[in-house]
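Residue numbers (my numbering): 687 to 1107.
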């Protein structure tokens, strides 16, 4: 059926199908649907169909405000500015009415505005994954999604290091309200692209604004978009409204960008950009904070790191287990990782013989697979029996497609509790 070949853009074809009930005149169908003459002619070769029912659900601003009330204070280091509840709903309505979201996978590249929850409420057929570096925001989103039965999953990633491996080429559509620097917009857009399937249907929607006297900054951001060989397919001025952000008039535009043939290679190149992408704080363009460490490669015997400038990084280093013995200075607050390490002050030494260690050793496997194999290695049983054992832990059901290092902290704590049972 031709509708399936249009993917997330089938809304336009539905308008055409409705118009065909009254006319088969090509010019009239072009005007009614917004589809090109060639596209209309191709569609006319197929039998007409009845567009599916609109499955949207109601969502009011009071509900979104109640969600927002659960959020932590904005983090200046991450350029947080809160979008209004009305903006979250406006984004959800726009996505629902512009794209066919049933069965689609939306990636929210950062989401302190809770756009993910609004879209999943408004469009119940969509699957949403939120990728963020702020553990607090991820915890709020995950808690609300579970309580309200929304199809929203969360994944931790510091996008300066890369997108989650399990989400590469996994999505259909990406939405981001990134740091408002050329470097920030370019990097978040590139990461969004890396998480989308490489086809012509893909789109990256970007919220960005600047003050009326900052045209040079606005031009620099548009250059960063063009450097990714993205076409700006549409631009909606002052689409987003914010509580605060007075430097940009408390508003930003919505850019709808479309990949071209050269976009995908440009995204991979741009993805290896500077770690300093924010306008203020420890990771700002002017910051003298140290760059992020490279944790790749084979496991070493020993590794020493000072994470005092970025203490949240300590947990990710420990989960990556890049060395048998780690010396982490400035680690700060950590969950109980005694099933993975013995600790003596700043020194962490890998433990042998635990389920968590076996999962960590399968660092490139999704949690569901790594956990299953760890169980089988420790206790003789079939794969189906191991899967059933894992399925019995309802609190971790939304985590199984992520790697251990990608788990949000609250999800990791659910895993630790399950392993301790």
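All residues carry an ideal CB built from backbone N, CA and C; glycine is no exception.
The structure presented is a predicted model; accordingly, all values stated were derived computationally and were not measured.
Item to complete: Flag this pair as yes or no: are the beta carbons of residue 875 and residue 926 separated by less than 8 Å?
Response: No.
Worksheet item: So does the segment 777 to 789 actually touch the segment 722 to 737, counting three or more Cβ pairs closer than 8 Å?
Response: No: fewer than three Cβ pairs fall under 8 Å.
Practice prompt. Tell me whether residue 823 is buried or exposed, calling it buried when 16 or more other Cβ atoms sit within 10 Å of its Cβ.
Written response: By the 10 Å Cβ count, residue 823 comes out buried.
Worksheet item: Closest to residue 788 by CA distance: which of 938, 704 and 858 is it?
Response: Residue 788 has its Cα closest to that of 858, out of 938, 704 and 858.
Discussion item. Measuring CB atoms only, is the segment 792 to 808 touching the segment 856 to 872, in the sense that at least three cross pairs come out at less than 8 Å?
Written reply: In this structure the segment 792 to 808 touches the segment 856 to 872; the number of beta carbon pairs closer than 8 Å is three or more.
Worksheet entry | Coil, strand or helix - residue 795 by DSSP | If DSSP states are grouped into helix, strand and coil, residue 795 belongs with the strands.
Practice prompt. Using a threshold of 8 Å, state whether the C-beta atoms of residue 707 and residue 715 are closer than that.
Written response: No. Outside cutoff.
Practice prompt. Can you tell me which of 900, 764, 1048 and 747 puts its alpha carbon nearest to the alpha carbon of residue 777?
Written response: Checking every option, the nearest Cα to that of residue 777 belongs to 747.
Item to complete: Using the DSSP secondary-structure output, state which residues sit across from residue 926 in a beta bridge.
Response: Paired residue(s): 938.
Worksheet item: Hey, does residue 1068 have any beta-carbon neighbour from chain B nearer than 8 Å?
Response: The chain inventory of the structure shown lacks chain B, comprising one protein chain alone.
Item to complete: Taking residue 1011 as part of the beta strand (DSSP E), name the residues at either end of that continuous run.
Response: Taken as a continuous stretch (DSSP letters only), the beta strand (DSSP E) holding residue 1011 covers 1009 to 1015.
Worksheet item: Count the other CB atoms within 10 Å of the CB of residue 755; is the residue buried (16 or more) or exposed (fewer)?
Response: That one is exposed.
Fill in: For residue 1028, the residue or residues it bridges with in DSSP
DSSP output for residue 1028 lists 1035 as bridge partner(s).
Item to complete: State the Cα-Cα distance for the pair residue 890 and residue 1037, rounded to the nearest angstrom.
Response: Distance between the alpha carbons of residue 890 and residue 1037: 43 Å.
Worksheet item: Would you call the CB atoms of residue 688 and residue 729 closer than 8 Å?
Response: With respect to residue 729, residue 688 sits close: the two C-beta atoms are nearer than 8 Å.
Worksheet item: Since residue 816 sits in a beta bridge, which residues does DSSP pair it with?
Response: DSSP, once it has assigned bridges, lists 794 and 840 as partnering residue 816.
Discussion item. Cutting at 7 Å between CB atoms, please list the residues of its own chain near residue 902, excluding the five before and the five after it.
Written reply: Excluding residues up to 5 positions away in sequence, nothing lies with its Cβ nearer than 7 Å to the Cβ of residue 902 in the same chain.
Worksheet item: For residue 894, which residues does DSSP report across the bridge?
Response: 939.
Worksheet item: In the DSSP assignment, what are the bridge partners of residue 862?
Response: Bridge partners of residue 862: 892.
Worksheet item: Ordered along the chain, which non-local residues of its own chain (more than five positions away) have a Cβ less than 8 Å from that of residue 1041?
Response: Excluding residues within five positions, the ones whose Cβ falls inside 8 Å are 1025, 1057, 1060, 1061, 1064 and 1105.
Worksheet entry | Rounded distance between the beta-carbons of residue 768 and residue 799, thought under 8 Å | About 7 Å; that satisfies the 8 Å criterion.
Worksheet item: Across which residues does DSSP place residue 920 in a beta bridge pair?
Response: 942.
Practice prompt. Go ahead and pull the three-state DSSP assignment for residue 971.
Written response: Reliability of the predicted coordinates at residue 971 is poor, the pLDDT of 41 falling under 50, and the value obtained from them is presented with this limitation in mind. Here residue 971 sits in coil by DSSP.
Discussion item. Please identify the residue among 1050, 954 and 953 whose C-alpha is closest to the C-alpha of residue 983.
Written reply: The shortest Cα separation from residue 983 among 1050, 954 and 953 belongs to 1050.
Practice prompt. Just grab the DSSP bridge partners of residue 1110 for me.
Written response: The displayed coordinates of the chain run from 687 to 1107. Any statement about residue 1110 would go beyond what the structure contains.
Discussion item. Classify residue 712: buried if its beta carbon has 16 or more other beta carbons within 10 angstroms, exposed otherwise.
Written reply: Residue 712 is exposed by the Cβ-count criterion.
Practice prompt. Report buried or exposed for residue 839, applying the criterion of at least 16 other Cβ atoms within 10 angstroms of its Cβ.
Written response: When all chains shown are included, residue 839 counts as buried.
Discussion item. Could you give the first and the last residue of the continuous beta strand (DSSP E) run that contains residue 988?
Written reply: DSSP places residue 988 inside the beta strand (DSSP E), whose first and last residues are 986 to 992.
Worksheet entry | Integer-rounded CB distance, given that residue 854 should sit under 8 Å from residue 810 | Incorrect: roughly 26 Å between the Cβ atoms, too far for contact.
Worksheet item: Measuring CA to CA, which of 913, 826 and 919 is closest to residue 952?
Response: Ranking the options by Cα distance to residue 952, first place goes to 913.
Discussion item. Rounded to the nearest angstrom, what separates residue 763 and residue 869 at their Cα positions?
Written reply: Roughly 15 Å separates the two Cα atoms.
Fill in: Selected residue, minimal CA-CA separation from residue 878, among 848, 833 and 1100
It is 848.
Worksheet item: Taking DSSP as the reference, what is the three-state secondary structure of residue 981?
Response: Residue 981: coil per DSSP, three-state reduction.
Discussion item. Tell me the rounded alpha-carbon separation between residue 790 and residue 806.
Written reply: Those two C-alpha atoms are separated by around 11 Å.
Discussion item. Is the separation between the beta-carbon of residue 1021 and that of residue 985 shorter than 8 Å?
Written reply: No, these two residues do not count as a Cβ contact at 8 Å.
Discussion item. Between which residues of its own chain and residue 694 is the CB-CB distance below 8 Å, once the five residues before and five after are set aside?
Written reply: Answer for residue 694: 785, 786, 787, 790, 858, 859, 887 and 889, listed in chain order.
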